[in-house]
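What follows is a single structure, written as structure tokens, with notes after it.
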């Protein structure tokens, strides 16, 4: 199963970010709701909203939440990639980018001044059937956002310069998402191209370089006129607002907009029924493992059969106890990854299953096993346990999606645009609960017949037979339209209408964590985050990849991963089944200095979930066969990573900046180290680190301190503390010498550029100065790096930097992916910005804006159970008092321009940085060698991540 966000990225290429009583017509109506019956053991709180329609056809949805200091404003337009003009694939997505540029009264990037600079954020995404624009801002900025959204609906400026600049950005996005990803072509292009004969769902939402280059500004203006109109838009507002005031502002700003007299263009193409099966073989560069997908035509999202297909999808691939995972990955060990997807399009779409094969396995093996699993569901219903588990997972995911105001708004908009009715955001949950085992078997037989299946094989380009042609036709030249409609220009500065002033600020209510230490030494921290029935439990132990034994990179990572792969009383499959039956997620992961086991569970299932969590933490068996299976899967994953420039650069960084210490290796292991790791290393690591007096348990969500402490005592009170002290922390590097590295990855669609060096520790008094400095340089869309590299020059989909202070190590990295030919230029731009940051004081306005980004992001993290648990866990691990939550804003605000300049001079000296570039050396040209002087140049097949020199044989 592919969860909604991931599904969009793979199929629709979303490019970026309970029963209800019937509503009463198009006037103002309250959605009267009751919680959906908990047939599957999970009750999902309904989204209570109001709906009305303006005279111009604009639909307005609002849902008030007085518990948040924020508000989300979203506009969902009924235009997506299926509406791209013929010969202009990728157009809806390209236009999404243009909507963030100027209007009659807003110059370019002014939208970011109204959102990011006040502590909010903005983004957008393009799906097959719609394009949505969404923002979250402090609630007192609501009026300004309504004004701004009406501006870009009613008076967008589309000029040739901005069009060409954003087209370059979109091409870099295509290179990053599709061409530089070994499986980008498979998921974003080939599956839909092979599966649809006529319907425009077959066209790639990201487009193609050729069709993007063929577009003109007249094409774009005509597209805007055709689809961006009030009667094709839905405004959704969720958060803290006054209802009467909201309605007045909506009427004021959106009411005057006129709907054109011409009808909205509609896609009327009907995909013909399949009359047989077929196999389509495709090829791609840098494909380390073959892949296969099987597709069937499926009904539209509003069809009554879709809930049963959603449950079928979950049974096949949701979690480690799903049929495809259990069969192909766990039992047969022929797949590195499995997936399936239920239909979610407004018009009839696809149901599909698939797999990326394991090393040495063939697509024919994958096809046979996938077909066998689908056939089983056609011939026999799922078990009672499978049905309940699938429903519990789907419903629990719905609860998680409603934790944020933007998540609730998304649910309303998604139901409206894919099913034609916002009520379905709530009523679909009852429909899921009503699905029977017989329904699942019925829809499998109805839609997933072998004689209506299209199989798409995806193989390495090196295996293409001589003379074999691409199965898909290339783009055909299509003339541009001639646009003769109205054209809006940016008004002179003196004539522009200013946005309304912000209202009175809404003060946030910050969490108040409470803690106690159990008799065995376990530190327990509890904090209530919301009334949503969801709890996050995060158990963190000190000790991570920095303590991996010499030559055995990956021990800590494998120890964490094997925690959930079997205990003294449960097999790996039983751990997965017990967890997923609760609708819970239980995951483990290792960092450099700590390792965590994290549980997300519905509140009334918390005791059961924590019992499983405690068993996994205390009693893992690390069976040899499980270890070998996970090592093989990890090695296959590395083979994929070695074909992605960004991943390769990430592998190289620690060896360069942490050389000579326990941190100077790849945390997840290498092709050389993983085969050497034996069970005894994992057993020793677990015995050393996983002890209660070396651990911190954080519980957040819908619970009181008393409830949290009781849950902790019941689950972990019997965890025995061993004799002897907890382990000492791994020591950091004693020195650093800058060095440059260029890795040649032939055929890759982009180059990755990383400028990196060691930086401060978490205990450094300059910690907050560092956060603000990094924010100015590369934190957020309006940061200096993104301004210079993406916005001004269109050289990348995004440029950013990160500062990672830890107890024994600290790092800084500025990272960009760009077309190979621009790698040298990007290196220079990053270093120029580092130099400027130290040479010139940051302006007061820029400093205030970047501080707002930090404070706003921190506040939004505090508002979710998972985000709050992460923050509290990190504070505890690094010995920072928990009241730092209350002090965070004031400490950020206290940083001055002089502090930023001083930090830049002393910590971010570009002369002390190491530069790592991974790309196609032939395409990058000689310029990159000049930009990265004295670089060690390594072909990818000579890269040795276990060697301090990084080169095999040295």
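Numbering (my numbering), first residue to last: -3 to 950.
Heads up, the beta-carbon is just placed ideally off N, CA and C, and yes, glycines get one too.
Residue from the options with nearest C-alpha to residue i
| i | options | result |
| --- | --- | --- |
| residue 690 | 602, 50 and 589 | 589 |
| residue 576 | 609, 554 and 557 | 609 |
| residue 189 | 142, 725 and 275 | 275 |
| residue 870 | 270, 658 and 802 | 802 |
| residue 721 | 715, 738 and 687 | 687 |
| residue 602 | 582, 621, 549 and 550 | 582 |
| residue 52 | 890, 664 and 257 | 257 |
| residue 726 | 423, 297 and 545 | 545 |
| residue 951 | 614, 620 and 663 | Residue 951 falls outside the range modelled here, since the chain spans only -3 to 950, and no answer is possible. |
| residue 366 | 140, 399, 309 and 465 | 309 |
| residue 854 | 703, 886 and 200 | 886 |
Range covered by the beta strand (DSSP E) that runs through residue i
| i | result |
| --- | --- |
| residue 410 | Note, residue 410: premise wrong, no beta strand (DSSP E); alpha helix (DSSP H) at 401 to 415. |
| residue 583 | 581 to 586 |
| residue 143 | Where residue 143 is concerned, there is no enclosing beta strand (DSSP E), although the alpha helix (DSSP H) it sits in stretches over 138 to 150. |
| residue 512 | 510 to 513 |
| residue 672 | Segment: none, residue 672 is in no beta strand (DSSP E) and carries neither H nor E. |
| residue 901 | Where residue 901 is concerned, there is no enclosing beta strand (DSSP E), although the alpha helix (DSSP H) it sits in stretches over 893 to 903. |
| residue 690 | From DSSP, residue 690 is part of no beta strand (DSSP E); its letter is neither H nor E. |
Residue i to residue j span [Cα, whole Å]
| i | j | result |
| --- | --- | --- |
| residue 920 | residue 644 | 16 Å |
| residue 787 | residue 236 | 32 Å |
| residue 319 | residue 635 | 25 Å |
| residue 846 | residue 303 | 44 Å |
| residue 60 | residue 667 | 53 Å |
| residue 34 | residue 40 | Only weak support is given to the placement of residue 34: the predicted model assigns it a pLDDT of 42, under 50, and the value that follows is read from those uncertain coordinates. Straight-line Cα distance between these residues: approximately 8 Å. |
| residue 420 | residue 748 | 43 Å |
| residue 414 | residue 342 | 4 Å |
| residue 926 | residue 807 | 25 Å |
| residue 475 | residue 209 | 12 Å |
| residue 404 | residue 231 | 13 Å |
| residue 131 | residue 117 | 6 Å |
| residue 623 | residue 777 | 42 Å |
| residue 109 | residue 837 | 20 Å |
| residue 898 | residue 817 | 34 Å |
| residue 878 | residue 864 | 11 Å |
| residue 494 | residue 242 | 19 Å |
| residue 908 | residue 753 | 7 Å |
| residue 500 | residue 248 | 20 Å |
Identity of the residues DSSP links to residue i by a beta bridge
| i | result |
| --- | --- |
| residue 816 | Residue 816 is not bridged to any residue. |
| residue 1011 | Past the edges of the chain, shown from -3 to 950, lies residue 1011, and the structure says nothing about it. |
| residue 912 | 737 and 750 |
| residue 60 | 235 |
| residue 457 | Answer by DSSP bridge pairing: none, since residue 457 is not bridged. |
| residue 289 | 350 and 452 |
| residue 810 | 751 and 797 |
| residue 279 | 455 |
| residue 55 | 49 and 230 |
| residue 70 | 130 and 232 |
Any non-hydrogen atom of the ligand GTP closer than 7 Å to residue i Cβ
| i | result |
| --- | --- |
| residue 292 | Because no ligand of any kind appears in the structure shown, any question about the ligand GTP cannot be addressed here. |
Anticipated Cβ contact below 8 Å, residue i with residue j, distance rounded
| i | j | result |
| --- | --- | --- |
| residue 593 | residue 711 | That belief does not hold up - the Cβ atoms of residue 593 and residue 711 are roughly 12 Å apart, past 8 Å. |
| residue 294 | residue 378 | So it is not a contact: roughly 18 Å between Cβ atoms. |
| residue 912 | residue 648 | 5 Å |
| residue 233 | residue 69 | 6 Å |
| residue 660 | residue 630 | With a Cβ gap of about 20 Å, residue 660 and residue 630 do not count as contacting. |
| residue 531 | residue 584 | Rounded, the Cβ-Cβ distance is 18 Å, inconsistent with contact. |
| residue 834 | residue 900 | 4 Å |
| residue 520 | residue 514 | 6 Å |
| residue 200 | residue 86 | 7 Å |
| residue 469 | residue 280 | That pair is no contact at about 17 Å. |
Residue span of the alpha helix (DSSP H) that contains residue i, given as start and end
| i | result |
| --- | --- |
| residue 534 | From DSSP, residue 534 is part of no alpha helix (DSSP H) but of the beta strand (DSSP E) over 530 to 538. |
| residue 1007 | The structure shown has nothing for residue 1007, since the chain only spans -3 to 950. |
| residue 100 | Here residue 100 belongs to no alpha helix (DSSP H), and DSSP marks it neither H nor E. |
| residue 269 | Here residue 269 belongs to no alpha helix (DSSP H), and DSSP marks it neither H nor E. |
| residue 360 | 359 to 375 |
| residue 422 | 420 to 430 |
| residue 524 | Premise fails: residue 524 lies in the beta strand (DSSP E), 519 to 524, not in any alpha helix (DSSP H). |
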